[in-house]
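The structure appears right after this line, and notes come after that.
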Amino acid sequence: MSAVDGVIFDCDGVLFSSHDANLAYYNLVLQQLGAAPVLPDQEERARLCHTAASPEVFRQLLGEDRVEEALSLASRVDYRQFLHLMHPEPDMVETVRLLAARLPLAIATNRGNSMPEILRHFGLEDYFQVVVTSRDVARPKPAPDMLHLAADRLATPPRRLLFVGDSSLDQQAAVAAGVRFVAYRNPAEGDWNIDCLSRLIEIVSGLGVACRSLPGVSAGI
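When you line the sequence shown up against full-length UniProt numbering, it's residues 1 to 221, in that order.
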């Protein structure tokens, strides 16, 4: 396999455990619209809130005729009130810190305008050179647009990037974009399947990078 020149991360379920935060956010909007909340044991509806972009979430939960109303209301919700419900995934901060010392990193997420505040809150804004959200493309994941835009902004061919994701939407986007896929706690088929983010250090070092080997890992492992 060719060397890797950059790593792209999904946000929810990869950088952060955020199911509770996402449900609280969408349920606040649904409550204000007089609609039934999404309950944690409603697995398909809860997964939708965790993986899809907001227009698709509201389309499936409310119907096409209420999407614009829901989006308008959601745009006025301050996501900072839900940040205490988000928690970094195990080993995430240290893994990101080590990778960022040697490679450009990016985020490609179906989130909208909450991403800058999340990165500031958790002190991660200096680690990611590129952040692409659903607001930046016409088609969110599973379309490849987000990953193509991230590759363009990183000035790197897609084939020399890795994308770390936790859902079938992420896997489909990676395949369509021609980006190698690292499936994190994810049954979807990936070029690698990992349960611990720190394994990214071994993967990147084993593929080789355009600069010195990563801290604490011998080249070629």
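All residues carry an ideal CB built from backbone N, CA and C; glycine is no exception.
Euclidean distance between Cα positions of residue i and residue j
i           : j    : result
L15         : F163 : 12 Å
A176        : A21  : 29 Å
R199        : T51  : 23 Å
A74         : L39  : 19 Å
E64         : V131 : 29 Å
L33         : E69  : 9 Å
F58         : Y26  : 9 Å
M92         : S72  : 33 Å
residue 226 : V77  : Given that the chain is displayed from residue 1 to residue 221, the structure contains no residue 226 and the question cannot be resolved.
E44         : I118 : 25 Å
Residue(s) in a DSSP beta bridge with residue i
i    : result
S17  : H87
N193 : A183
A36  : Its beta-bridge partners do not exist; DSSP assigns none.
D12  : F16
L105 : V7
F163 : I8, F181
Close-in-space but distant-in-sequence residues of the same chain around residue i (CB under 6 Å, 5 per side omitted)
i    : result
A100 : Y127
V179 : L147, P158, L161, F163
Nearest candidate by alpha-carbon position, reference residue i, set the options
i    : options               : result
A173 : R159, D166, K141      : K141
R80  : G190, V132, V57, R120 : R120
H87  : S168, D12, P37, G208  : D12
R47  : Y184, L169, A183      : L169
R185 : D65, N193, G178       : N193
L61  : E89, L30, P90, D41    : L30
G6   : A183, D195, Q129      : Q129
S17  : A155, L197, G190      : L197
R97  : G123, N113, P116      : G123
Beta-carbon contacts of residue i that lie in its chain and below 7 Å, excluding the five residues immediately before and after
i   : result
A24 : F82, L85
Quiz item: Fully enclosed by the stretch 125-161, which beta strand (DSSP E) runs are 3 residues long or longer?
Solution: 130-132
Exercise. Starting from the N-terminal side, write out each stretch of the alpha helix (DSSP H) that is 4 residues or longer and does not extend beyond the stretch 46-99.
Key: 54-62, 67-74
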